[in-house]
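Okay, structure first, notes after.
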Amino acid sequence: MSRAALLVLADGRFPAGGHAHSGGAEAAVKAGRISGATSLEEFCRGRLHTAGLMAAGLSAAAALGIDPVALDRAADARTPSPALRVAARKLGRQLLRAARATWPSAELDALGREFPKGAHQPVVLGLAARAAGLGPVDAAYCAAYESVSGPASATVRLLSLDPFDATRALARLAPEVDRVADRAVEAARTAVGEGVDALPAGSAPLLEIGAETHAGWPVRLFAS
3 MSRAALLVLA DGRFPAGGHA HSGGAEAAVK AGRISGATSL EEFCRGRLHT
53 AGLMAAGLSA AAALGIDPVA LDRAADARTP SPALRVAARK LGRQLLRAAR
103 ATWPSAELDA LGREFPKGAH QPVVLGLAAR AAGLGPVDAA YCAAYESVSG
153 PASATVRLLS LDPFDATRAL ARLAPEVDRV ADRAVEAART AVGEGVDALP
203 AGSAPLLEIG AETHAGWPVR LFAS
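The opening residue of the sequence shown carries number 3 in the numbering used here; numbering runs sequentially from there.
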């Protein structure tokens with residue numbers, strides 16, 4: 003295993019399409035829930051322990067070799083918002099393209115055939131980590147970090163927030179990212195024997211509502 007592969011997969015410059023999505027930050031900024039560094043940290047903390055934990059669990063499970071079709075159904079069941087499901091599949095399709103070009107894999111090829119319009123991004127992420135020779139811990143960390151780094155980067159653009167302040171907010175969340183990754187991997191290992199119902203299913207109603215509102219805007223900076 004090359005741990006350096008994790009740096010490639012988690013790099014914001016990896017061409018997986020994440021730069022076009024704000025992780026709900028654009029809707030939160032317009033609603034006044036994010037107005038500066040402090041509220042950004044609070045938003046990211048909530049996202050990390052709900053959507054981030056769910057994504058990390060799915061990614062870790064995929065890296066462990068759990069059936070990706072079952073995982074994709076589990077992701078659908080955990081994503082009430084149609085807008086978020088569409089966004090997750092678009093991101094999954096783009097990530098799959100990048101991963102197949104970077105780490106050719108029969109499992110990634112099979113996933114592309116099974117989901118020509120895209121599987122949920124966390125499922126693809128886990129299989130991409132597996133193809134790169136990484137394990138469930140790596141996949142969980144990548145998913146958990148993405149859940150907060152995306153909104154932080156987007157808020158810099160949306161509010162002209164000082165990048166140093168946004169980065170400090172991410173650094174303050176680092177111990178919680180550790181805990182979320184650990185919980186996700188533990189749940190994924192349980193799911194190997196007990197099925198996908200053992201995976202996290204945290205609820206984030208404001209993210210879901212915000213996504214549906216955001217999808218109807220005639221003008222927006224980010225796709226989601």
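Virtual Cβ for every residue (Gly too), placed ideally from N, Cα, C. None of the values given here were measured: they were computed from a predicted structure.
Which residue from Gln96, Pro177, Ser162 puts its Cα closest to that of Arg47? In terms of Cα proximity to Arg47, the closest of Gln96, Pro177, Ser162 is Pro177.
DSSP state of Lys119 mapped onto helix, strand, coil: Here Lys119 sits in coil by DSSP.
Using only alpha-carbon positions, find the residue among Ser155, Asp180, Ser162, Leu161 that is nearest to Thr169. Of the listed residues, the one whose Cα sits closest to Thr169 is Ser155.
Run through DSSP, which three-state label would Val221 get? Correct three-state label for Val221: coil.
Between Gly212 and the rest of its own chain, which residues show a CB-CB distance below 8 Å, the 5 nearest in sequence each way excluded? Here the set comprises Gly26, Ala29, Ala30, Ala33.
To the nearest angstrom, how far is it from the Cα of Gly19 to the Cα of Ser83? The C-alpha of Ser83 is placed about 20 Å away from the C-alpha of Gly19.
Rounded to whole angstroms, what's the CA-CA distance from Val126 to Leu161? Just pull it up for me. Distance between the alpha carbons of Val126 and Leu161 is about 31 Å.
Own chain, CB closer than 7 Å to Ser4, minus 5 neighbours either side, in chain order: Here the set comprises Gly135.
Under the rule that 16 or more other beta-carbon atoms within 10 Å means buried, what is Gly152, buried or exposed? Classification for Gly152: buried.
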